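The structure appears below as structure tokens.
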Amino acid sequence: MGKNNNINRRRFLKLLGAGSVVTAATFSGCKPKAMEAPEEEYKHQVEPPKGKMTYRRNPKTNEDVSLLGYGMMRLPTTDGAAARESDAPIDQEQVNRLVDYAIEHGVNYFDTSPAYCKGMSEHATGIALSRHPRNSYYIATKLSNFSEDTWSKQASIEMFNNSLKELQVDYIDYYLLHNIGMGGMEFFETRYENNGILDWLVEQRKAGRIRNLGFSYHGDIEVFDYLLSMHDEYHWDFVQIELNYLDWHYADEINPRNVDAEYLYGELQKRGIPSVIMEPLLGGRLSNVPQYIAARMKGRDPEHSVASWAFRYAGSPEGVLTVLSGMTYMEHLKDNLLSYSPLRPVSEDDKSFLEQVAKELVNMETIPCNDCKYCMPCPYGVDIPGIFVHYNKCKNAGSLPVDPEQEDYARYRREYLIGLDRSVPRIRQANHCIACGQCKPHCPQNIDIPRELHQIDMYVERLKQSREL
Amino acid sequence: MLKRIRRVLALFCFTLLTLLLLDVSGVLHHWLGWLAKVQLLPALLAMNVGVVLALCVLTLVFGRIYCSVICPLGVMQDGFAWLGRRRKKNRYSWSPEKRWLRYGLLGGMIVALATGVNIVVALLAPYSAYGRIVGSLVRPMYARVNNGLALLAERVDSYAFYEVDVWLKSLPTLVVAAATLVVLAWLAWRNGRTYCNTVCPVGTLLSLLARFSWFKVRIDNDRCVTCGLCAKNCKASCIDFKNHRVDYSRCVACGDCIEKCNKQAIRYTPAMRHKVSCPSETEAQSPDASRRAFLAVSALSATAALAQEGKKVDGGLAVVEQKVAPVRQTPVTPPGSLSASNMAKHCTACQLCVSTCPNDVLRPSSDLSTFMQPTSSFEHGFCRPECVKCSEVCPTGAIRPITRAEKTSIQAGHAVWIKKNCVPLTDERECGNCARHCPVGAITMVPIDENDENSLHVPAVNEARCIGCGACEHVCPASPLSAIIVEGHEVHRTI
Chain D
624 MGKNNNINRR RFLKLLGAGS VVTAATFSGC KPKAMEAPEE EYKHQVEPPK
674 GKMTYRRNPK TNEDVSLLGY GMMRLPTTDG AAARESDAPI DQEQVNRLVD
724 YAIEHGVNYF DTSPAYCKGM SEHATGIALS RHPRNSYYIA TKLSNFSEDT
774 WSKQASIEMF NNSLKELQVD YIDYYLLHNI GMGGMEFFET RYENNGILDW
824 LVEQRKAGRI RNLGFSYHGD IEVFDYLLSM HDEYHWDFVQ IELNYLDWHY
874 ADEINPRNVD AEYLYGELQK RGIPSVIMEP LLGGRLSNVP QYIAARMKGR
924 DPEHSVASWA FRYAGSPEGV LTVLSGMTYM EHLKDNLLSY SPLRPVSEDD
974 KSFLEQVAKE LVNMETIPCN DCKYCMPCPY GVDIPGIFVH YNKCKNAGSL
1024 PVDPEQEDYA RYRREYLIGL DRSVPRIRQA NHCIACGQCK PHCPQNIDIP
1074 RELHQIDMYV ERLKQSREL
Chain U
4 MLKRIRRVLA LFCFTLLTLL LLDVSGVLHH WLGWLAKVQL LPALLAMNVG
54 VVLALCVLTL VFGRIYCSVI CPLGVMQDGF AWLGRRRKKN RYSWSPEKRW
104 LRYGLLGGMI VALATGVNIV VALLAPYSAY GRIVGSLVRP MYARVNNGLA
154 LLAERVDSYA FYEVDVWLKS LPTLVVAAAT LVVLAWLAWR NGRTYCNTVC
204 PVGTLLSLLA RFSWFKVRID NDRCVTCGLC AKNCKASCID FKNHRVDYSR
254 CVACGDCIEK CNKQAIRYTP AMRHKVSCPS ETEAQSPDAS RRAFLAVSAL
304 SATAALAQEG KKVDGGLAVV EQKVAPVRQT PVTPPGSLSA SNMAKHCTAC
354 QLCVSTCPND VLRPSSDLST FMQPTSSFEH GFCRPECVKC SEVCPTGAIR
404 PITRAEKTSI QAGHAVWIKK NCVPLTDERE CGNCARHCPV GAITMVPIDE
454 NDENSLHVPA VNEARCIGCG ACEHVCPASP LSAIIVEGHE VHRTI
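So the sequence lines, in the order shown, correspond to chains D and U. Position in the first sequence counted from 1, then plus 623, gives you this note's numbering. Position in the second sequence counted from 1, then plus 3, gives you this note's numbering.
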């Protein structure tokens, strides 16, 4: 605590010092500028600059791709929602505005799919992009042949041709096998190998109708490994993976079927394949973090958004070609542009900070309590080790409720709360810790007991509020 | 046939309503809540026009089947009467209507409603009497069975059942419920539906309509041999067999007489010619009954939280003294109840909210002016921000339905700091547990000595933001009396 305060104070003084120098300088200059200074500062926080976008080079084509890629999966509708949450038609006028603004500010990668926005995304993307010269943007779309009706070679080719038509182009810059890994090897073989479509796509690449061929991956790691093992045959030009500061180490904590991004990215780097990043915000979760985490982020970087941390993290690895964000509203677009115009890569220190945040977000940490009970008795009756032991037990069993979207969340939640009441009477639970700190010096593990108890208390409170038992 | 249908329907309603009143899981009210809402007096108090009209129509068509099917107290009495008949057959006989008593009590009830003497209303309301019997007498047993199952479940690592607290919420209410049960059981055992036809104001009210009902139990004079078997088996004592007449104001259309008659001389048939007139149903809505809390002001005894200085390294648990409910100068009523007077005027003390409250906040009041009506206190839990269950179950409109969002802005009271009990002063330790748990951020910890930032911090309550949920009082380490106590507001406000 004390240390943090010092740092903050030092930063504050530094800012103050710098501010006064600037003010002094401007005062000695011309008056109107001095009046403008705070307004400029404000503007710099909300208006992205032009011509500052960070680009990454595609090693195959040597083209520069903007680090921010526009994901066309959450396009706005006329009733002001995102397309997949609404039945209203896509607000084409708004899409055009967003696309124009993005291009103006250096975005040149647009990622869509025949499946997005209830199937309307490619059409809307085509309209918006066709208003710009073809060489000013790159289009990524996918072979989204999930349905059995589209498994045949003929149907898949038709899907490809339709993408060309909807997007009003005669070649695709980045073409992906969509969501391989879902359904395991068998599903992959059905969709891409047995029908011969993969070979057909490789032919299209030779013919120039596909400039870069890749795949997007979720789910069964076997398929990912298999496709990379075939790299010598297929020469993947890029691969789209999920990467963010949670998925880097804790993907399997969030969802046991996922694989840590560290592995995925590492495998791609080994082979020199550029990564396209999806889910930099983990479905928005990383832009809407608990208040105390948001406060810590702002404490470190007061003039940038919470979401900017996630974008900086996802964009920092050099092997990342572009980071996709499904932007519905202008403020999303502006904020993301600000994060990458230009990119401020995360430092080692930032990384360990985000690592800590990630741990807290997945409630990853088990508490290093080994139930020695040296802390006991708590003068206020709290059963300190009982609370930690229950938490660790659930954590280690992998049955810690973390995210309401998580599979089995309701069951885990019920088990956690009932189990807590069973092992620790309510009057001895964490909410009765008053933080007097008398326990602290007794802990051989140097656990900051009041802090941990309060974290658990807040966690339990969130669980209670999230649903009814 | 009529009897069989009646029995099936009655058992259906009775069982489900009883389950609703017993439920410890907090999920049944979602499906069964309607059973409380179709009770006549609660519907009248809630001004639930649809239900009241439907019940009027039902009575005008079929007679008082409300009393024999929907009313749980009526069905319960039928149960006792059935036991009585097993001991002695043909035990009833015709008796004339006790008008002065019936109408006197109905009148008394209306006056009590109008003047806000809710103890009379609470005692006479039949559904509420049943709710109290189940809530105070049966539910503790049910909860103990549940806890036994929870123990078993724990042994086998199952989470199907979980333990709930069982505690005596109000002794006076328990006594009233027990007395009601004994009196009713005795009356029903001996004389069937004496209570329904001489005391129950809802029965009397329905009798005004039942006289004109379309379907009635009718005696066929040509077939009747005046044997009197019907009258001897009429729980309502309403068949004057010598004169072949039935007092339709008391007949609850139970069908027992039809089954007993071996000449098929009694039938349940529609009128050939009927004239329907609907007497006015609305009861006068009262002028305000002003509420005063007139409990004695008892000094807040200061008992410091225990703090053991000597620390054993081998563990152990400090004794935690149970909290006791403070005597609140103004009682706290649950969010949604709008005001103390709305609660007093509408609540018939059925205890459904008390049974439903998953946080053990609600309990029956012992104050005479709000006798047995729910009141909040926070020794066992606090009025949690995500819970609006009492507002969902209340059938009388005493607690109006609210959403979670609304709840966080309803001010039902405000917290008062009791300096003498506050741990930073008694134990010289930093605390702040109240501030940490305030869901609306109404409490700030401020230094005791305003000139010394390093002095110990004590809570400062911003009354304008406080909603009176009791989280602070509940988590306060001082016991048996907290150092921060919620004082109720007579009128709830939205902040």
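Ideal placement from N, C-alpha and C gives every residue a C-beta, glycine not left out. Predicted model only: the values in this text are computed from it and were never measured.
Short of 6 Å from the beta carbon of Arg221/U, and not among the five residues preceding or following it, lie these beta carbons of its own chain, in chain order: Arg270 and Thr272. For Glu395/U, there are no C-beta contacts with chain D under 9 Å, since the nearest C-beta of that chain is about 11 Å from it.
Bridge pairing for His460/U: Pro450/U [DSSP]. Annotation: Tyr69/U is outside any beta strand (DSSP E) and is labelled neither H nor E by DSSP. Partner residues in the beta bridge of Leu966/D, as assigned by DSSP, are Tyr963/D. One finds nothing in chain U with a Cβ atom closer than 8 Å to the Cβ of Tyr1032/D; even the nearest lies about 14 Å away. Taking C-beta separations shorter than 8 Å and ignoring five residues to either side along the sequence, the partners of Thr411/U in its chain run Pro388, Pro442, Val443 and Ile470, following chain order. Contact holds between the segment 252 to 267 of chain U and the segment 212 to 221 of chain U, because three or more Cβ pairs, one in each stretch, are under 8 Å apart. Neighbourhood of His440/U in chain D, by CB distance below 9 Å: Asn1054, Asp1080 and Glu1084, in chain order. Residue-level contact check: Asp796/D does not touch chain U, since none of the beta carbons of chain U fall below 8 Å from its beta carbon.
As DSSP reads the structure, Glu1030/D sits in no beta bridge. The continuous alpha helix (DSSP H) containing Pro75/U extends over residues Pro75 to Arg90. Going by DSSP, Tyr732/D is part of the beta strand (DSSP E) stretching over Tyr732 to Asp734. Under the DSSP assignment, Leu23/U falls in the alpha helix (DSSP H) whose first and last residues are Leu5 to Leu25. In this structure Gly491/U is in contact with Val335/U, their Cβ atoms being roughly 4 Å apart against a cut-off of 8 Å. In this model, Ala415/U and Met375/U are separated by some 19 Å (Cα to Cα). Burial is judged here by how many other beta carbons sit within 10 angstroms of a residue's own beta carbon; Leu1076/D has at least 16 and is buried. For the set Ala763/D, Asn867/D and Leu956/D, the Cα lying nearest the Cα of Gly729/D is the one of Leu956/D. With respect to Ser898/D, Ile864/D sits close: the two C-beta atoms are nearer than 8 Å. Listed in chain order, the non-local C-beta contacts of Ser71/U below 8 Å within the same chain comprise Arg9, Ala13, Gly77, Val78, Asp81, Val255, Ala256 and Cys257, local neighbours out to five positions each way being set aside. Scanning chain U for C-beta atoms nearer than 9 Å to the C-beta of Glu1075/D yields nothing, as the closest lies near 14 Å away. Contact annotation: Leu850/D and Leu905/D have beta-carbon atoms that are not nearer than 8 Å.
For Gly138/U, the CB contacts under 7 Å within the same chain, skipping 5 residues up- and downstream, are Leu24, Gln354, Val357 and Ser358 in chain order.
The bridge partners DSSP lists for Ser342/U are Val494/U. Approximately 6 Å separates the beta-carbon atoms of Cys740/D and Ile713/D; this is inside 8 Å, confirming the contact. Beyond the five residues adjoining it in sequence on each side, Leu966/D comes within less than 8 Å, by CB distance, of Thr677, Leu690, Arg935, Gly938 and Ser939 in the same chain, given in chain order.
Using a CB distance cut-off of 8 Å, Pro398/U does not count as an interface residue toward chain D. A Cβ-Cβ distance of about 4 Å is found for the pair Asn93/U and Lys235/U, placing them in contact under the 8 Å criterion. A buried status is given to Trp97/U, since no fewer than 16 other beta-carbon atoms sit within 10 Å of its beta-carbon. The Cβ of Arg387/U sits closer than 8 Å to at least one Cβ of chain D. Burial state of Val185/U is exposed, judged by a 10 Å Cβ sphere holding fewer than 16 other Cβ atoms. A Cβ-Cβ distance of about 20 Å is found for the pair Tyr952/D and Pro672/D, leaving them out of contact under the 8 Å criterion. Of the candidates Cys199/U, Ala146/U, Cys397/U and Arg147/U, Cys397/U places its Cα closest to the Cα of Thr351/U. With 16 or more other Cβ atoms from the protein chains shown falling within 10 Å of its own Cβ, Thr399/U counts as buried.
In this structure, the beta-carbon distance from Tyr1035/D to Leu1023/D falls below 8 Å. Glu890/D and Glu826/D have their alpha carbons spaced roughly 26 Å apart.
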